[in-house]
Structure formats: C-alpha cells, structure tokens
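Residue numbers (the numbering used here): 16 to 425.
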C-alpha cells in the first residue's frame, strides 16, 4: 500500500497538468470537477474586474494613461527645422511667409528659429513687435495655441509622412504617432483630423463628378450595423412600424447600406451612394437593395447609358436600369446558388469580383472602434468620411499621395 501511494504522489507531481486536463480518476478521486469550478470562478473574477465596477473603471483609465504616455522628444536643431520648413513649403503644406501681421496688419519680417525648434516671424511695426508661430498661419491646420507650442516643422513633416505611408490601408493611430514623435495625444489627433477632412472632401467631390463607362459592376454592401432599442427617439417611427408588423420577433437593428459601382477597365473609378436605413431582426443578413432605393440613390446617373451592368442575384438592378432609361444590358450571377462567376458568349466574365474586393478594401479603412452612436453629429457622416477618404486614396494611388495631399492643403 505504501508503494502504491508513493507512485500516485510521483504521478501527481510530474504530470499534474496532464492528469487534470484529461480528467483521469486517480485513487477514486476526480480532479477535474474541482479544477473546473476553480477555473470558472477565476474567469468570473477576471470578467468582473474587466467589465464592471470601480476596479474596471480604474483599469480602463490606467490603460488609457499608458497609451497617452509620451516618449522622449525627437532630436531637433535649427538646421533641421529650417530644412523641414523648406520641405513642407515644397510639398505645399506650408505657404510662403505672409507679409501682413494678423494682429496689426503691419509688415512681418523674416522667420527665425527660437528655442532650438519653434519657427517664428516677428512684426516689424514698433507698436506691435509680436511673434507669430509659422504653423498657426496655415489655413488647413487647426487654429489652437497648443498646436503652435507643441508642434515643430520637423514633427509635422514626420506626422504627414507617417499618415500617407499606409497607402490604401487603414490610417495610423494617433496614439502611436504621438508616442513616436514624443508629443501629447491632442495636437496629433487634431492634425490627423485635418488631414482626413482634406482627403474626405476631395473624395466626396470626386464621387459626385465621376462617370463610369464600359463594363460596370454594381452591388450593395453594409459597412456598419447600428443596434437600436425600442425607446429610441431618432429611429422611433420606423421601429414602431416594423414592430407592428412583427409583434413576436426580437428587437430589430439597422443596417447602413451603401450602393457602389466600379468600372472594370479602371478599378480606381468607384462611385458610392448611401441608402436609407433598413430595419431587420437580430442576427439577420444584410437585406437586398430594392428598386425604389436604387432609383432614389441616383447611382445609375453616374453610369453611362450604354454601359453593361454586372450585378449579383438582385433583379432590382434590371428593373431600376429599365425605369431610368438605361440602354445597356444587365447581367446577373446568383451568389445564393454559389454562382460567383459565369462565362458568357462574349469575352467578358460575368460577376462582381472586382467590386467585392473593393468593398473589402473600404471596410478595412473603416476602424472597428468607430462608435455607432455619436454624441456629436450622425454616425453616417463619420462612416462616409472614411469611405470618401478611401475613394480618394484609391483614385490617386499610393505613389503620388504625398504630393496630391500637399496640393489639397494649399
């Protein structure tokens, strides 16, 4: 008996993890039940710590402080700042030094470097003699004193280069760039927001002016699902209408549907339109686009009348093309029947593969942390800002993005 007991002790000491994992019954005592209960209790404690209570709030604040911690500032000297100013002026992000003082409308002198990094210009009027930071004179930059005191030309050039370095992918995080530049979060966030507004406004103008020709793929996709409650005020009317028709179904949620059309001969030419919200039950698939919605979006107005449309199984595209006076053919493939491509008598392959890949690229540009319920403004406007930015970047390309962005900042 003593020999058997010693063997059991040896097994437990060497292969304890394996015995507990496999649920082996040693000497008539099960080890798995007790360990599972202890493990579940530990998970409950961790979940309680991470998701609720004062400890969870303190933990979130601590992680936020760690993200906002500044690193050592970038090395700087007057020669480096002068070179950065010249490079920014060459790219178009900085205008030439203005001649009039913004305070007294007097004459401004030559710019000079102070404190080893900050570039200033001084008014030559003896009654004024004010120093003005060169960065605060740019119209595209945010007008705040904090930006002028915390940002130097070399840091601004680094932020802009890092912003366009991602190309057609997701833009970099303001936290990471702030830590890399040795700056605080708010000035970096303000600069990146201004750059995004420049790109999204250019993308919106491009989206409104494009005309697609030849073979055009058309489809709809959902970029964001907005969950709502029965007590919602903003979506109160459609929710009550939907619940009256479906009294015994779960609380619905909204889909933000986007219609899109891309030209096969040039995938950079993409047109996007936002449809109205649709109410669907929980865990449902994105609803198909209707004929009335396609006509209301006026997407086909951006497509040449004799162009060939490639669509999925939604027959509403054929009806909408006929009603809008479209003279070209409309070809379909049925995704529900696992038909993604189909050969035709002509050399063109039927399908919407190019547009599907484009949708995937645009969805990568929309950050997953974007709130569906915005305290200021509408969430659709924020999502459209990222969509228009992606359209502009796709049209420009990654090679000349820095020069084109500088042209927008002029």
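In this text, a Cβ means the ideal position worked out from N, Cα and C, and glycines have one as well.
- prompt: Considering residue 204, what are the terminal residues of the alpha helix (DSSP H) in which it resides?
  reply: Its alpha helix (DSSP H) spans residues 200-224.
Residue nearest to residue 407 in terms of C-alpha spacing, selected from 93, 157, 295, 286: Taking only the C-alpha atoms, the option nearest residue 407 is 286.
message: Judging by CA-CA distance, which residue of 357, 313, 349 is the nearest neighbour of residue 336?
response: 313
field: Inside the region 76-153 only - beta strand (DSSP E) runs reaching at least 3 residues
entry: 123-129, 133-138, 146-148
Buried versus exposed, by CB contacts within 10 Å (16 or more), residue 39: Note that residue 39 scores 37 on pLDDT, short of 50, meaning its location in the model is unreliable; the coordinates nonetheless yield the value given after this. Answer is exposed; the Cβ neighbour count stays below 16.
query: From 156, 169, 120, 168, pick the residue whose C-alpha is nearest to that of residue 145; which is it?
result: 120
field: Exposure of residue 340, with buried meaning 16 or more beta-carbon neighbours within 10 Å
entry: exposed
message: In this structure, how does DSSP classify residue 278 when only helix, strand and coil are distinguished?
response: Residue 278 falls in the strand class under three-state DSSP.
field: Endpoints, the alpha helix (DSSP H) within which residue 3 is located
entry: Here the chain has residues from 16 to 425 only, and residue 3 is not among them.
message: Suppose contacts are defined by Cβ-Cβ distances below 8 Å. Is residue 228 in contact with residue 319 by that definition?
response: Their beta carbons are under 8 Å apart, which means residue 228 touches residue 319 by this criterion.
message: Please report the straight-line C-alpha distance between residue 110 and residue 425, rounded to a whole angstrom.
response: So the alpha carbons of these two residues sit roughly 7 Å apart.
query: Does the count of Cβ pairs from the region 397-405 and the region 215-233 closer than 8 Å reach three?
result: yes
- request: Determine the direct distance from the alpha carbon of residue 246 to that of residue 262, and round the result to whole angstroms.
  value: 15 Å
message: Give me the DSSP bridge partner(s) of residue 232.
response: 277, 325
- request: Would you kindly check if the distance between the Cβ of residue 323 and the Cβ of residue 346 is under 8 Å?
  value: yes
query: Looking only at C-alpha atoms, which of 381, 238, 289, 316 sits nearest to residue 183?
result: Among 381, 238, 289, 316, the Cα nearest to that of residue 183 is on 381.
query: Which same chain residues, not among the five before or five after residue 221, have their C-beta less than 7 Å away from its C-beta?
result: 406, 407, 410
message: Let's test the definition: count the other Cβ atoms within 10 Å of the Cβ of residue 9 and tell me whether it reaches 16, buried, or not, exposed.
response: The chain is shown only over 16 to 425; residue 9 falls outside these bounds and no answer can be derived.
task: Label residue 383 either buried or exposed according to how many other C-beta atoms from any shown protein chain fall within 10 Å of its C-beta, with 16 as the threshold for buried.
output: exposed
- request: Report the three-state DSSP secondary structure of residue 385 (helix, strand or coil).
  value: coil
task: Provide the residue(s) that pair with residue 419 in DSSP beta bridges, ordered along the chain.
output: According to DSSP, residue 419 bridges with nothing at all.
task: Can you check DSSP and say which residues form a bridge with residue 318?
output: 227
message: Out of 308, 232, 253, which one is the CA nearest neighbour of residue 279?
response: That would be 232, whose Cα lies nearest to the Cα of residue 279.
query: Would you call the region 251-262 and the region 190-207 in contact, with 3 or more CB pairs under 8 Å?
result: no
Boundaries (first-last residue) of the alpha helix (DSSP H) holding residue 256: 251-260
query: Given a threshold of 16 other Cβ atoms within 10 Å of its Cβ, counted over all protein chains shown, does residue 288 qualify as buried or as exposed?
result: buried
- prompt: Residues in its own chain within less than 7 Å of residue 36 by CB, not counting five upstream and five downstream?
  reply: In this prediction, residue 36 has a pLDDT of 32, which is less than 50 and means its spatial position is unreliable; what the coordinates show is noted afterwards. Short of 7 Å from the beta carbon of residue 36, and not among the five residues preceding or following it, lies no beta carbon of its own chain.
query: By how many angstroms is the C-alpha of residue 172 removed from the C-alpha of residue 418?
result: 13 Å
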